[in-house]
Structures are given as C-alpha cells and as structure tokens.
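The structure under discussion appears below in the form of structure tokens.
In the working numbering, the protein residues as written are 14 to 478.
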C-alpha cells in the first residue's frame, strides 16, 4: 500500500520539510512515479515514527544511522545516551539553581557579580531543534553542472556536423564561435526542459547529485521547466554574451552564496541527493573528460581533408581548396582545379606565392590519383627570403591525411609529418635540402636546385600506395 506525502505528514505528525530532510539524509528511499511524485510505504511511515521517537529523545542522527544499519544495538545506544542525558540534566539543574540565586540576590545588570556566578555555573545545555532540511547553498556544484550540460550540448551539435559534412573551418574563429554558441543555446533550450520534466535533472546535475523539483515534490511541467531554463540563460548567463555573461555569473554566484533567491528558482527547489555521490562525481569527471576529448577530435576533424582514402585529382583539389581557404592561405576567389588555378577575374596556369610560382600535375589510374607533382619556381626578377613550406604541407595534407597511418586519431603521426617537412627544408636555417619521407600509405620526395635569395626550382612528388 502506498502513502502520499500528505498522508505521511498527517499520520506521522511531522512537517514536509522534516520528512524531506530525513530523505536527503538517506533514511528514506521512496519509489517515484513517472510524473516525479514520491510513493511512500507503510514501512516508511514506521521508520519515520521511530525517527521521531529517537529524535525526541535527542539521540544523534549518526547513532540512529548506526542503529538502522545494524552497526549498533538499541540497548547499547540507550545506555550511552542515558548517560549523556544525565550529564545534561545535572547541567540544567545547575543552571536553574544559578538563575534562582541571581534572582534572589537583588543584583541588576550593571551590578551583576560575573565572577561569582561563573564560578557557580558548571555546565549549560542547549535544547535540540527540530530537524529540517536547510536551504541548499552550492554555487560551485551548480556551476560545474551547468558547464558540463553546455559542453555536452555544444559537442552534440558539432560532432555530427564534423563527421557528416566534414567542413574545413576555424573553430576558434569569431563567426564559427558565435554560430556554435547560438546552436548550443538553442539545443539546451530544447533538451533541458525535457530532462527536467521527465527525470527531474540533467546529466551535469545528476552526476553531481542535484535535482530540481516543485515545492510539493513533483517534477516541473514542460512549461515550468522551459521557463526556468530560459530564465537561467537570460538572467544567469546572459546568453553567453562576452563580459555580460561574466558579470551575471558573478552576480548570481554572490546571491546564491549569501542565500538570496535566484530569479529562475521561483516555483522550483534544488535538492541534493548524497547517495552514491562519490561514484557519481567520478562519473562526472569521466564524462567531462570525454566531452573535452570530443572537442579535441572535432578540432582535428576541422583540419582533415574532406575526401579521404583513395581520391581523384578533383577530390584532391577540393581538399586543397578547403584547407587553404580555411587558414586564409588562398583568397576566396582563387582555387585549384585539375586543369590549373582559377580565379574570378583571370585564369592563370600558375599561382604566385611569396615570390614563387606553383604548378600541380596529377596522374590517375581509372579515376584514382596515383601520383602528384608540385613544381615551384622563383619568379624571374624577384628574390624571396622565405621558403613556401606551407605549400608543401598543404600538398601532403590534401593527399595523405585520412589514409592509413594518417587518420583522425593519429594525432602524433600527422604532426610529425609536418615537423619532418619543416626540418628537412631547414626552415629558418641556412636553406632547404633534398629530402625523402616514407609514410605508411605514401612516399614523398623533394628535389631542389638553388636556394633562398637566388633562383630556386623545386619538385615535390607524392606517390600514393
């Protein structure tokens, strides 16, 4: 037979706050309906009556918990507590006697003989207060819960885009950052109310033991949950607008620390469940680490070529243009095609880069690129003091990255390929030299004539395995 919270109040003679306190301390574990309301049992009622009796005797909660777990016998607990009560009674008798003596002494406040009465007073006692759940003050716990929820929304939005569309974008750029923030906020406005309505919590809150309920113990309606989420984003986070968001965060943190109500908490209460809290906290750290790792993988995906594995010359050009436009190496109106360079105003067969001209040649078999050659020559009459290392890197990234040994998760291997190119051309040193790189899925060679400050001819060949 189930018992509602109202029936439990009436039959136990305890307040709702009193009952909730014992529940938060782990004495009660009521079942939950789909709407979030609690279903108590007759056993819960009997346990509450035992708690009421033992607390009326002023038995400490820690000892009651030991009794419930079977770690302490009832007789031993009563014997120990009776001794404490006897000491308190003697203290109360002493206090009462001193009070009567002061009354009969005829002294007033100004003439009170403090030393005399302190000498007679041996002990005092404080009457126990009713147990009640205090207002939950946990600004840092709330901040970290909200941070994880936002991070999850951001990665839920970004990861499918990076895996399916494979765009080459600078994720730290202003435009992309703003778009990502707007998208994550929109996703949070959709998902958080659903989580609060159906589960009473969100992933970040649940892993830190936090739950949101109505004052009567039920879960928020969809409308109430949506309004709460909107108010949090508006008055607590300022929709992540720089500076405004920081100001509102600090303001909300100070209000909550001081126990003052927050605007979005009207009609809801935040609860802390301590059951399995250490295990949940460890799970929080793990999930937060996975979310950060997903962010790093997405950052790597943004720098990977769109076409991977066996590619055609046209797909190589698409890879090259995406990567070169992403870091502004090429202007948006210039692009590489299998036939040569194209731009909106004219169509040169070569591209000028830092005093050099670059030209690509492609060799395909049945539509699959087998080899490519990059020729770089000094422009007659012009002297360059820097080497076009990035052009070599782009050629390598556009053809080799995404193949065996150079995949998305091969962070170290891909970085070492770029470092090898920079070292072999002696970037920043006396001058470039011939080099050869043997990779799991490609062989890269570079032959040079001349050097910096003089006529330079370079032939880079990439043979794909």
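Beta carbons are placed, not taken as given, at the ideal position from N, Cα and C, and that holds for glycine.
The beta-carbon distance between residue 196 and residue 170, rounded to whole angstroms, is 5 Å. This is short enough to meet the 8 Å contact definition. Between residue 384 and residue 475, the gap from beta carbon to beta carbon is short of 8 Å.
The continuous beta strand (DSSP E) containing residue 475 extends over residues 469-477.
Counting only the Cα atoms, residue 257 lies some 32 Å from residue 286. Straight through space, the alpha carbons of residue 330 and residue 411 are spaced by roughly 8 Å. Distances from the alpha-carbon of residue 371 to those of 117, 404, 252, 115 put 404 closest.
Annotation: the stretch 188-247 contains the following complete segments of the alpha helix (DSSP H) (minimum length 4 residues), in chain order: 216-220, 235-244. Counting the other CB atoms within 10 Å of its CB gives residue 216 a total of 16 or more, which places it among the buried residues. Residue pairing by DSSP places residue 356 opposite 347 in a beta bridge. Within the stretch 233-316, the complete alpha helix (DSSP H) segments at least 4 residues long are 235-244, 257-270, 290-315, listed from N- to C-terminus. Assigned with DSSP and collapsed to three states, residue 377 falls in strand. Between the stretch 335-344 and the stretch 417-431, the count of Cβ pairs shorter than 8 Å is below three; the stretches do not touch. The residues 77, in chain order, have a CB closer than 7 Å to that of residue 67 in the same chain once the five nearest residues on each side in sequence are set aside. Annotated three-state conformation of residue 160 is helix, per DSSP. Taking the C-beta atoms as reference points, residue 15 is found no nearer than 8 Å to residue 50.
Closest in alpha carbon position to residue 207, among 182, 179, 230, 240, is 240.
Rounded to the nearest whole angstrom, the C-alpha separation of residue 46 and residue 212 is 10 Å. Here residue 288 is not near residue 179, since their CB atoms are 8 Å or more apart.
Shown here for residue 48: same chain residues with a beta carbon closer than 8 Å to its own, the five before and five after excluded, namely 231, 232 in chain order.
DSSP, read as helix, strand or coil, puts residue 18 in helix.
The Cβ atoms of residue 225 and residue 214 lie closer than 8 Å to each other. Within the model, the alpha-carbon separation for residue 209 versus residue 277 is close to 14 Å.
Within the model, the alpha-carbon separation for residue 61 versus residue 267 is close to 37 Å. Between residue 223 and residue 307, the gap from beta carbon to beta carbon reaches 8 Å or more. Cβ-Cβ separation between residue 25 and residue 58: approximately 6 Å, consistent with a contact (criterion under 8 Å). Under a 10 Å Cβ-count criterion, residue 167 is classified as buried, with 16 or more other Cβ atoms of the shown protein chains found around its own Cβ.
Using a Cβ distance threshold of 8 Å, residue 191 and residue 339 do not count as a contacting pair. DSSP places residue 369 in the strand class (E or B) of the three-state scheme.
The beta carbon of residue 390 lies closer than 6 Å to those of 370, 470 in the same chain, with the five residues before and after it left out. Membership of residue 72 in any alpha helix (DSSP H) is not indicated, and neither H nor E is assigned to it by DSSP. Apart from sequence neighbours up to five positions away, the residues of its chain that approach residue 313 with a beta-carbon distance below 6 Å are 421, ordered along the chain. Taken through DSSP and simplified to helix, strand or coil, residue 459 comes out as strand. Beta-bridge analysis with DSSP links residue 385 to 375, 475. Straight-line measurement puts the Cα of residue 425 at about 24 Å from the Cα of residue 334.
The shortest CA-to-CA distance from residue 461 to any of 430, 453, 402 is the one to 402. Residue 448: member of the beta strand (DSSP E) spanning 448-452, first to last residue.
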